[in-house]
Amino acid sequence: MYNDNDKYSNNDFNLSDLEEDEKYKSPLKSILIKLFSVVVLIAFLSLSFSQLFPLITSENFSFLTESNKLNDNPVVESIKPAVVYLNVKNSKGTMITSGQGTGFNICSDGLIVTNHHLLENAVSATIEFSDGKSFTSNNFKKIPDIDLAFIFIEGENLPKASLQNTLASTNETVFIIGNPLGFPNIAVQGKIGNHYRSDNEDFYLFEIDSDIRKGNSGSPVVNKNGKVVGIVFALTQIQIEDDIESRALAISASNLDYYIPEHE
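Counted the way my numbering counts, the sequence shown spans residues 1 to 264.
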């Protein structure tokens, strides 16, 4: 854990700022309320074609062009097999809905990392690997305070991602691989910006200058060494002079080992 003299301490946040009427007391929400004007959780909720149509513009599809350019990048190629497409069945009262998002595998026999907000009301999730393997599970470990969740599946010799247990550096180039707007295994590139630290929780967040889309929730953030340094959970818009710019927000993987459940 970084101490009070480290270079990120000026971006500490106070969990006491959280409003009492929040659904649950989440340190992540405290950060976002304090630091950003507009924050959107990027779960890809089920959309009809008519709802999806307004999203189909050349601007929205620019990420496909960027991903195509990154197809031959060795880091992107190496991580894609471990990235999964999530189809989630949700239950709210008597209503059954579905949603989509992203996760990634960290164990050869199957342990998927994703966001809590994707599974908050889930009764089951279908996990699809890019090689065609598919698993359905209702065995979750949810950690709402940091918008993190794990899905247990029963596989063997599955592709897996490696985690970096140190904090990523500001201005470091990274790749985000996910399923924006339902398109599978899309890669975009960006640089890490500010870091934010809880003053009473052992975790960090950081921002990335990448304009992600719905469906990127749970996407791994990967450095040039092929290590996962973060998990995307939200999109924010910030004002810089007269311009509004989008930033991806990620939970740092530096302390993820602390939360990983036992898995045989």
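C-beta atoms are modelled at their ideal positions from N, C-alpha and C, and glycine is treated no differently.
Predicted model, so just to flag it, every value in this text is computed and none were measured.
Using the C-alpha atoms, what's the distance from residue j back to residue i?
i: ASN255; j: VAL228; result: 12 Å
i: ASN185; j: TYR259; result: 26 Å
i: SER78; j: ILE177; result: 11 Å
i: ASP242; j: ALA248; result: 20 Å
i: ASN105; j: LEU118; result: 16 Å
i: ILE240; j: LEU181; result: 27 Å
Considering only C-alpha positions, which residue in the set the options is nearest to residue i?
i: ASN139; options: ILE127, ASP131, THR166, GLN189; result: ILE127
i: SER169; options: SER252, ASN71, LEU158; result: SER252
i: SER98; options: SER124, LYS141, ILE146; result: SER124
i: PHE63; options: ALA122, LEU148, GLY190, LEU249; result: GLY190
i: PHE135; options: ILE151, ASN171, ASP147; result: ILE151
i: GLY132; options: PRO159, ASP145, VAL188; result: PRO159
i: ILE112; options: SER162, ILE238, ARG197; result: SER162
So the alpha helix (DSSP H) residue i belongs to, where does it begin and stop?
i: ASN68; result: 62–69
i: GLU77; result: 74–79
i: LEU118; result: 116–119
Quick one: is residue i buried, meaning 16 or more other Cβ sit within 10 Å of its Cβ, or exposed?
i: PRO54; result: Low per-residue confidence applies at PRO54: pLDDT is 45, beneath 50, and the placement is therefore not dependable, though the value from the model is reported in the following sentence. PRO54 is exposed by the Cβ-count criterion.
i: LYS214; result: buried
i: GLU262; result: exposed
i: PRO74; result: exposed
i: ASP211; result: buried
i: ILE192; result: buried
State the start and end residues of the unbroken beta strand (DSSP E) segment that holds residue i.
i: PHE129; result: No beta strand (DSSP E) holds PHE129; DSSP gives it neither H nor E.
i: LEU249; result: 243–252
i: SER217; result: First-last for SER217: undefined, no H or E at that position.
i: PHE150; result: 148–152
Under the assumption that residue i contacts residue j (Cβ atoms under 8 Å), give the Cβ distance between them as a whole number of angstroms.
i: PHE183; j: ASN194; result: The Cβ separation is near 29 Å, so there is no contact.
i: VAL232; j: SER246; result: The Cβ separation is near 12 Å, so there is no contact.
i: VAL88; j: GLY101; result: 7 Å
i: ALA250; j: VAL221; result: 5 Å
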